[in-house]
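Working notes, beginning with the structure itself.
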Amino acid sequence: MRVLVFNAGSSSLKLGVFDGEQQVFKASFDRFGPEGCDLKIGGETSRAPQPDLAGAIAAVPALLDRHGVEKIDAVGHRLAHGGTGFTAPVRIDDEVETRIEALTPLAPLHNPAMLQAVRLARQLWPDLPQVAVFDTSFHLTNPARATTYAVPKAWREAGLRRFGFHGTSHRYVAQRAAEALGQDAKDLRIVSIHLGNGASACAVQYGRSIDSSMGMTPLEGLVMGTRSGDVDPGAFGFLQRELGLDIPQIEAALYADSGLKALTGSADMRDVEDRAAAGDLEAQLAINIYAYRARKYLGAYAAAMGGLDAVVLTGGIGENSASMRRRICDGLGFLGLMLDDDLNRAPDLTDRAAPQIQAQGSRVAVIVTETAEQLMIAREVRQLLLRSAPVPRSIPVAVSGRHVHLSADAVEALFGPGYRLNPGAPLRQPGNWVAEERLSLEGPKGRLERVAILGPLRPRTQIEVSRTDSFALGLDAPVRDSGKLDGTPSVRLIGPAGQLDCNGLIVAARHIHTSPADAEAMGLTDGSLIRVRVTGAGGRDLVFDRVLIRVAPGTVTEMHIDTDEANAAGISGAGEGELAGKAVAEL
Ligand code: ADP
8 MRVLVFNAGS SSLKLGVFDG EQQVFKASFD RFGPEGCDLK IGGETSRAPQ PDLAGAIAAV
68 PALLDRHGVE KIDAVGHRLA HGGTGFTAPV RIDDEVETRI EALTPLAPLH NPAMLQAVRL
128 ARQLWPDLPQ VAVFDTSFHL TNPARATTYA VPKAWREAGL RRFGFHGTSH RYVAQRAAEA
188 LGQDAKDLRI VSIHLGNGAS ACAVQYGRSI DSSMGMTPLE GLVMGTRSGD VDPGAFGFLQ
248 RELGLDIPQI EAALYADSGL KALTGSADMR DVEDRAAAGD LEAQLAINIY AYRARKYLGA
308 YAAAMGGLDA VVLTGGIGEN SASMRRRICD GLGFLGLMLD DDLNRAPDLT DRAAPQIQAQ
368 GSRVAVIVTE TAEQLMIARE VRQLLLRSAP VPRSIPVAVS GRHVHLSADA VEALFGPGYR
428 LNPGAPLRQP GNWVAEERLS LEGPKGRLER VAILGPLRPR TQIEVSRTDS FALGLDAPVR
488 DSGKLDGTPS VRLIGPAGQL DCNGLIVAAR HIHTSPADAE AMGLTDGSLI RVRVTGAGGR
548 DLVFDRVLIR VAPGTVTEMH IDTDEANAAG ISGAGEGELA GKAVAEL
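For the sequence shown, this note's numbering assigns the number 8 to the initial residue and increments by one for each residue that follows.
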């Protein structure tokens with residue numbers, strides 16, 4: 008399938024054509040003006056007569072013809088803001104177009120040009136499927152603690168919240184970094200740092216974005232070419248009182264006249280680095296501020312994820328500036344992160360390479376790679392269009408109450424040396440049982456009594472509670488897949504013969520156990536994420552997103568949700584689930 012990808016801005020249009028993973032054509036129109044624009048094809052730049060975006064898009068069919076790009080099967084569009092409504096790429100029709108337009112207030116500087124590209128492309132290629140891919144979608148997995156501003160409720164109800172951007176880039180480079188490490192992204196805690204004209208950092212914990220430095224708008228966070236990044240919102244009042252500026256003036260300056268441009272007069276990092284090297288003190292300070300802000304976010308995200316396995320740097324600055332990479336990473340030895348100076352100096356990024364530049368013995372891998380947002384958009388378009396409808400299939404839904412899986416050591420600590428648990432009622436999964444014994448859990452706020460113990464024993468103790476339980480304990484249990492226990496909080500387990508402070512407290516991520524045969528019949532693979540519509544006696548049907556598929560021989564097919572989820576879906580005891588498609592934003 009050949010996909011034409013558009014990335015439209017107010018002063019530029021980038022386009023690419025992809026045949027599968029292969030880019031077969033690449034061009035950009037830049038610096039629109041009454042006299043025309045720069046047209047770059049491959050490495051060559053020439054002047055072209057198109058004065059604006061509309062002119063550039065209208066010129067694309069002839070341009071493709073001229074370069075022998077014949078058949079296009081679909082068109083993909085980058086959209087900056089998808090709000091909370093667009094959780095995944097979507098095929099564009101009139102209704103989608105109207106919904107995108109309604110989001111303009113959230114991204115007044117970015118969405119209008121992109122929407123214009125959508126409209127023009129739909130007129131030019133009315134028979135081709137057109138798909139919108141949103142920068143915000145990847146971050147919709149961020150928990151409320153990361154997306155909620157502590158501001159009046161009426162503001163939040165009006166839609167003020169953090170979204171995060173550059174999602175297509177963060178998703179691509181995190182995936183690329185995991186590939187380069189030969190590991191599954193679902194096993195890694197990655198900080199992705201995109202440093203281009205815009206810049207943002209993203210915490211990708213076990214395959215999901217859990218936080219990113221851009222907020223409601225692409226203004227928050229890192230220092231950028233012309234954008235300020237983080238600023239005390241108190242500045243608005245100060246600037247109004249002291250300089251008589253109004254809000255549109257302040258906002259415009261924070262977008263277009265801040266960042267490197269404000270600090271040095273140039274928004275271009277190459278200029279800033281050259282000036283700094285020639286002794287310009289303002290440029291030196293700007294570089295220090297830029298690197299310091301990025302390093303702060305890196306550290307913050309390592310803390311947010313409870314550890315760090317890899318850092319991936321991308322964007323024009325991340326890819327090309329060895330000194331900026333050094334500055335950001337220097338002093339992070341305490342996190343187990345050390346660069347190798349030789350490897351850092353000139354990593355070879357050709358053919359989408361993702362070289363590692365950490366020193367021998369560094370616990371954290373550092374990877375540099377070119378971002379490939381257009382390739383990622385082409386992939387998304389292909390996946391959306393090729394995705395076959397899932398086989399409808401009913402799955403029993405079981406509600407997991409709070410429970411504990413114990414290690415052999417924990418059993419001895421809680422029940423006494425040599426003690427063996429007594430298997431009680433069998434569970435549906437063959438070989439699993441509820442023990443006759445119970446134990447208590449204690450946290451800084453409270454205690455949960457008579458908590459079930461499930462057998463058989465496991466190599467590592469795991470304590471599964473609901474979100475509500477974790478508040479009752481006064482602990483912050485993360486949502487995790489079973490067995491992913493690094494960095495999880497510790498809770499006190501109390502048994503008849505002793506007590507034990509043990510980490511491994513999680514809210515289990517909703518999942519489906521299934522056998523290889525059932526998985527194949529349903530078209531599912533181990534580790535994939537799907538959506539499931541759940542129905543219970545309470546009549547409150549709910550679609551659960553990001554349900555993890557766990558395939559193992561000898562398993563009975565069954566979906567597990569926790570008590571909070573069951574309450575929300577009106578299920579007491581048992582319910583029924585039906586596959587409802589792939590999950591959004593699957594990494
Ligand atoms: P965009 O976000 O518009 O796609 P890019 O990712 O191309 O932008 O990044 C542009 C930034 O990268 C500019 O600040 C530019 O100076 C910087 N850059 C490109 N090459 C180098 C280099 N060799 N050294 C330092 N900075 C560089």
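All C-beta atoms, glycine included, are put in the ideal place defined by N, C-alpha and C.
Item: Cβ of Asp264 within 7 Å of any heavy atom in ligand 1?; Value: no
Item: Whole angstroms is fine: what's the gap from Met302's alpha carbon to Met221's?; Value: In the sequence under discussion, the amino acid at residue 302 is Arg, which differs from the Met named in the question. About 15 Å.
Item: Within 10 angstroms of the Cβ of Asn596, are there 16 or more other Cβ atoms? Answer buried if so, exposed if not.; Value: Outside the displayed span of the chain (8 to 594) sits residue 596, for which this structure offers no information.
Item: Answer yes or no: does any C-beta atom of chain D fall closer than 8 Å to that of Val12?; Value: Absence of chain D from the displayed structure is noted, only one protein chain being present.
Item: To the nearest angstrom, report how far apart Ser328 and Ser369 are at their CA atoms.; Value: 21 Å
Item: Could you give the first and the last residue of the continuous alpha helix (DSSP H) run that contains Asn295?; Value: 288–312
Item: Could you check if Asn439 belongs to the surroundings of ligand 1, using beta carbon to heavy atom distance under 7 Å?; Value: no
Item: Quick one, are the C-beta atoms of Glu387 and Thr321 less than 8 Å apart?; Value: no
Item: Tell me where the alpha helix (DSSP H) around Leu549 begins and ends.; Value: Run containing Leu549: none in the alpha helix (DSSP H); it sits in the beta strand (DSSP E), 549–558.
Item: What is the C-beta distance between Leu267 and Val230, in whole angstroms, given that I count them as a contact (C-beta under 8 Å)?; Value: 7 Å
Item: Taking 8 Å as the threshold (C-beta atoms), are Ile556 and Val12 in contact?; Value: no
Item: Taking only three categories from DSSP, how would you classify His567?; Value: strand
Item: Within its chain, find whatever has a CB closer than 8 Å to the CB of Pro399; leave out the 5 residues flanking it on each side and keep chain order.; Value: Here the model assigns Pro399 a pLDDT of 46, short of 50, so the residue's position is not dependable, and the following value carries that caveat. Contacts found: Glu585, Leu586.
Item: Grouping DSSP H, G and I as helix and E and B as strand, with all else coil, what is Glu102?; Value: helix
Item: Which one or two residues does DSSP pair with Arg9 in a beta bridge?; Value: Asp26
Item: Give me the Cβ distance between Ala442 and Gly450, rounded to the nearest whole Å; I'm assuming they're in contact under 8 Å.; Value: So it is not a contact: roughly 22 Å between Cβ atoms.
Item: Give the DSSP-derived three-state secondary structure of His177 in the structure shown.; Value: helix
Item: What number of angstroms, rounded off, separates the C-alpha of Ala181 from the C-alpha of Arg333?; Value: 20 Å
Item: Quick check: what's the CA-CA separation for Gly580 versus Leu446?; Value: 22 Å
Item: Near Leu22, what residues of its chain come up, given a Cβ to Cβ distance below 6 Å and the 5 sequence neighbours on each side ignored?; Value: Phe13, Ala34
Item: Tyr299: buried (16+ other C-beta within 10 angstroms of its C-beta) or exposed?; Value: exposed
Item: So Ile99 and Gln137 are in contact, right, with Cβ under 8 Å, and what is the actual spacing, rounded?; Value: 4 Å
Item: Taking the alpha helix (DSSP H) that Glu471 falls in, what are its first and last residues?; Value: Per DSSP, Glu471 belongs to no alpha helix (DSSP H); it is in the beta strand (DSSP E), 469–471.
Item: Ala379: which of His201, Asn510, Asp253 sits nearest, CA to CA?; Value: His201
Item: Considering only the beta carbon of each residue, do Leu492 and Leu413 sit closer than 8 Å?; Value: no
Item: With a threshold of 7 Å, establish whether the CB of Ser35 neighbours any heavy atom of ligand 1.; Value: no
Item: Using alpha carbons as the reference points, say which of Tyr262, Ile335, Leu421, Leu188 lies closest to Asp316.; Value: Leu188
Item: Are the CB atoms of Arg85 and Thr175 nearer to each other than 8 Å?; Value: yes
Item: What whole-angstrom Cβ distance do Asp571 and Arg474 have, given they're in contact under 8 Å?; Value: 5 Å
Item: In whole angstroms, give me the CA-to-CA distance for Ile254 and Phe170.; Value: 22 Å
Item: Do Arg389 and Val10 have their C-beta atoms within less than 8 Å of each other?; Value: yes
Item: Leaving out five residues on either side along the sequence, give the residues of the same chain with a beta carbon under 8 Å from the beta carbon of Asn429.; Value: Ala442, Glu443, Glu444
Item: Give me whichever residues DSSP pairs with Glu583 in a beta bridge.; Value: Pro403, Thr542
Item: Skipping 5 residues on each side, what residues in its chain have a beta carbon closer than 8 Å to that of Leu344?; Value: Leu315, Val318, Cys336, Gln365, Ser369, Arg370, Val371, Val373
Item: Taking 7 Å as the cut-off, is the CB of Ser219 close to at least one heavy atom of ligand 2?; Value: As for ligand 2, it is missing from this structure, which binds only ligand 1.
Item: With C-beta atoms as the reference, is Thr495 less than 8 Å away from Leu507?; Value: no
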